[in-house]
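Heads up, the thing below is written out as structure tokens.
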Amino acid sequence: MLKHTFIHIQGIGEKTEQYIWRKGIYSWEQFLEAQEPLFSQKRDTFIRKELEESFKHLDDIGFFHRRFSSSDMWRLFSTFKHKAAYLDIETSGGYMGVDDITVIGIYDGKSVRSFVNGINLQEFEVAIPEYELLVTFNGASFDLPFIRRYFPGISLPKAHIDLRFLLRKLGYRGSLKKIEKEFGLKRASDIEGMDGFDAVKLWRAYQWGDHSSLDLLLHYNTADIVNLEPLMEKGFELMKKRLLSKKVFAVGPKKTGNAPEAISGY
Numbered sequence: 029m030l031k032h033t034f035i036h037i038q039g040i041g042e043k044t045e046q047y048i049w050r051k052g053i054y055s056w057e058q059f060l061e062a063q064e065p066l067f068s069q070k071r072d073t074f075i076r077k078e079l080e081e082s083f084k085h086l087d088d089i090g091f092f093h094r095r096f097s098s099s100d101m102w103r104l105f106s107t108f109k110h111k112a113a114y115l116d117i118e119t120s121g122g123y124m125g126v127d128d129i130t131v132i133g134i135y136d137g138k139s140v141r142s143f144v145n146g147i148n149l150q151e152f153e154v155a156i157p158e159y160e161l162l163v164t165f166n167g168a169s170f171d172l173p174f175i176r177r178y179f180p181g182i183s184l185p186k187a188h189i190d191l192r193f194l195l196r197k198l199g200y201r202g203s204l205k206k207i208e209k210e211f212g213l214k215r216a217s218d219i220e221g222m223d224g225f226d227a228v229k230l231w232r233a234y235q236w237g238d239h240s241s242l243d244l245l246l247h248y249n250t251a252d253i254v255n256l257e258p259l260m261e262k263g264f265e266l267m268k269k270r271l272l273s274k275k276v277f278a279v280g281p282k283k284t285g286n287a288p289e290a291i292s293g294y
């Protein structure tokens, strides 16, 4: 998707990007290979130089992050998914007047790392700089502000995709668990139906000496982060189809329509 993108270039917004696509120019390569300019000679030359710079920075997520709005950050996913961390936190829920982080879970598509308050939570601050892209569900409003308060001065990845807002654009609303069901994702029987309040109760039970409650809490948190990956992949493909398809089609939990295949290769 990144090589289909033109809105990171100064002076190009969504309407101009759509205009470029309607002219049959769907990629940077096609723009650079075009014999006839789409714009004035001066503007066309500027865009070509910017695209050449974009090719040089294909491995530099910061180059594109600085040029994208938060609503367009999803376009980074396919190029930088190998540097992504799916993240979710659990909190104490204001127990005894304190709302603290109890667990932070991160998943890189291969393995899960859990950071637990009172055990290894401080190690999160050292681990997270290994990644360049964060994927969360409602992280912009909840998880990341919590983390920044707990770890003042922490260096979090600059690029962040909040699936809550990406999926809302596609017609999927409600909690993470509700949306998981709409996509056909299932959870293990021992955590099926659990929510954030149950996570708070499990932490309290653990503090009172029930260590099996911590195991169940970690299982619940792991499901949260592991399920973010297929939601991100599906959301990415649907958004890509919506932008690049020549026909307008409906998406959402009830009607998906007959969506044509997305342009492949990027």
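Sequential numbering of the sequence shown, starting at 29, is according to the working numbering.
Beta carbons: idealized from backbone N, C-alpha and C, even for Gly.
Exercise. Could you give the DSSP three-state label for PHE108: helix, strand or coil?
Key: It is helical.
| task | Helix, strand or coil for PHE193, going by three-state DSSP, please let me know. | result | helix
Check: Should the stretch 105-119 be regarded as contacting the stretch 247-256, the criterion being three or more beta carbon pairs within less than 8 Å?
Finding: yes
Environment of ASP190 [buried if 16+ CB atoms lie within 10 Å]:
Counting the other Cβ atoms within 10 Å of the Cβ of ASP190 gives 16 or more, which makes it buried.
Does DSSP put ILE35 in a helix, in a strand, or in coil?
coil
Coarse secondary structure for PHE143, derived from DSSP in three states: strand
Query raised in the report: DSSP puts ALA113 in a beta bridge; with which residues?
Result: LEU162
Sheet register partners of GLY133 (DSSP bridge):
ASP116 and SER142
For SER120 and LEU194, I'd like the C-alpha separation in whole angstroms. Their backbone Cα atoms lie some 28 Å apart in a straight line.
Q.
Please state whether the Cβ-Cβ distance between ARG76 and LEU60 is less than 8 Å.
A. yes
(message) In whole angstroms, give me the CA-to-CA distance for ILE182 and GLN69.
(response) 46 Å
Review point. Can you tell me where the alpha helix (DSSP H) with SER82 in it begins and where it stops?
Key: 69-84
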